[in-house]
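Enquirer: Take this structure, written in structure tokens, and hold onto it; I'll ask about it next.
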Amino acid sequence: MADPSLAVIAGANRGIGLGVVKEMPRRGWNVIATARRPAEATALAVLAEAHPGRLEVLALDLNNVTQLDAFADAMKTRTLDAVLINGGVAGPGHRGATAATEAEIGALMFTNAIAPIRLARALAGAVRRGSGVIRFTSSVMGSVALNAGGHELYRASKAALNSLSRGLWPELRGRGLTLLSLHPGWVRTDMGGSAAPVSVGESARGMVTMLERERGKRRHAFIDYQGAEFAW
Ligand SMILES: NC(=O)c1ccc[n+]([C@@H]2O[C@H](COP(=O)([O-])OP(=O)(O)OC[C@H]3O[C@@H](n4cnc5c(N)ncnc54)[C@H](OP(=O)(O)O)[C@@H]3O)[C@@H](O)[C@H]2O)c1
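To convert a position in the sequence shown, counted from 1, into our numbering, add 36.
Right, dumping it as structure tokens:
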């Protein structure tokens, strides 16, 4: 029997990332999940115990570039079938561009747009040529075409991620990879809030289905967890 496929899920301590970590071993994947503070990642520890030898939990703060580069170096000996870059923040509570400080904008843009691209680029060489997938957790809020206002800074950070993803794509296409800018739905998490219509489980199942469906297609798609395609 072939070895199980291997996925990295970066930013998996809670919410959507944790949901995807729960889902993937059920579908036969082995997983390397990252958390900022693995010693406090109790939900991941419980999952690792439930799937002996199939789930590793490693430390990674996306904003710590030294740690990010060391993590990517450590992955050079592995062959990754999928890299899911999920960690993200909502940004300052006021969410408005005119109220924001330089530091608030810098932190939001770094976490949501710059760090994911940096990690994707650093890991690309370890992703299986031909069938490997890199997937960003984007958002429909990152669509410039569909921007109806509100949450303007968060939208701008995901639009920046989308734009940088488009810039990254020619490099990944050259390696025969697939790139997904995936909207998880409006999901009931700390970020999405309790009024969100989609459960973490439903979003996670849909996203893993999309990942498996898009494997080997060697395209860059902006889609949601049910496969609906969005205008950039
Ligand atoms: N929920 C929604 O409706 C929705 C819709 C569209 C897109 N998204 C996107 O989906 C992703 C996950 O969101 P969520 O709803 O699951 O949010 P969440 O419940 O607030 O969880 C956010 C996750 O990101 C991690 N994270 C934040 N900053 C990080 C950093 N610097 N380094 C590493 N990890 C970091 C958090 O780690 P800690 O636990 O250590 O804080 C946590 O695991 C985000 O990119 C978000 O923008 C969410």
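Here a beta-carbon is modelled for each residue, glycine too, at the ideal position from N, C-alpha and C. Owing to the predicted nature of the structure, the values given are computational and were not obtained by experimental measurement.
Under 7 Å from any heavy atom of ligand 2, does the C-beta of histidine 187 make it?
Expert: With respect to ligand 2, the structure shown offers nothing to examine, as its ligands consist of ligand 1.
Enquirer: Can you tell me the Cα-Cα spacing of tryptophan 268 and threonine 225, whole angstroms?
Expert: Spanning the two alpha carbons is a distance of roughly 25 Å.
Enquirer: Is the beta carbon of alanine 323 less than 8 Å from the beta carbon of alanine 118?
Expert: No statement about residue 323 is possible, as the shown extent of the chain runs from 37 to 268 and does not include it.
Enquirer: Run the CB neighbour count on lysine 15, radius 10 Å, all protein chains shown included, and call it buried at 16 or more, exposed below.
Expert: With the chain covering 37 to 268 only, the question about residue 15 has no answer from this structure.
Enquirer: Between the C-alpha atoms of leucine 216 and glutamate 85, what's the straight-line distance to the nearest angstrom?
Expert: Taking the straight line joining both Cα atoms gives about 30 Å.
Enquirer: List the whole-angstrom C-beta distance separating leucine 218 from phenylalanine 172, where the pair is believed to meet the contact cut-off of C-beta under 8 Å.
Expert: About 7 Å separates the two Cβ atoms, so the contact holds.
Enquirer: Given that a residue counts as buried once 16 or more other Cβ atoms are within 10 Å of its Cβ, and exposed if not, what is glycine 228?
Expert: Burial call: buried.
Enquirer: Output the distance between the C-alpha atoms of glutamate 248 and glutamate 238, rounded to the nearest integer angstrom.
Expert: Using only the alpha carbons, I get a separation of about 16 Å.
Enquirer: In the DSSP assignment, what are the bridge partners of valine 223?
Expert: Its beta-bridge partners are Val234.
Enquirer: What did DSSP end up calling leucine 94 once you bin it into helix, strand or coil?
Expert: Here leucine 94 sits in strand by DSSP.
Enquirer: What does the alpha-carbon distance come out to for the pair threonine 214 and alanine 136?
Expert: If you take the alpha carbons of threonine 214 and alanine 136, they lie about 35 Å apart.
Enquirer: Would threonine 102 pass as a contact of glycine 123 if the rule is Cβ separation under 8 Å?
Expert: Not in contact: threonine 102 and glycine 123 (Cβ atoms no closer than 8 Å).
Enquirer: Taking contact to mean at least 3 C-beta pairs separated by less than 8 Å, is the segment 61 to 75 in contact with the segment 92 to 100?
Expert: With a cut-off of 8 Å, the segment 92 to 100 and the segment 61 to 75 count as touching, because enough Cβ pairs lie within range.
Enquirer: By Cβ distance below 8 Å, which residues in the same chain neighbour arginine 63 in space, the five residues on each side in sequence not counted?
Expert: Excluding positions up to five away in sequence, the list reads Val244, Glu248.
Enquirer: Between the Cα of arginine 164 and those of Leu208, Gly203, Lys194, spot the shortest distance and give me the residue it belongs to.
Expert: Closest by alpha carbon: Leu208.
Enquirer: Could you tell me whether the Cβ atoms of serine 199 and phenylalanine 258 are closer together than 8 Å?
Expert: No, they are not a contact pair.
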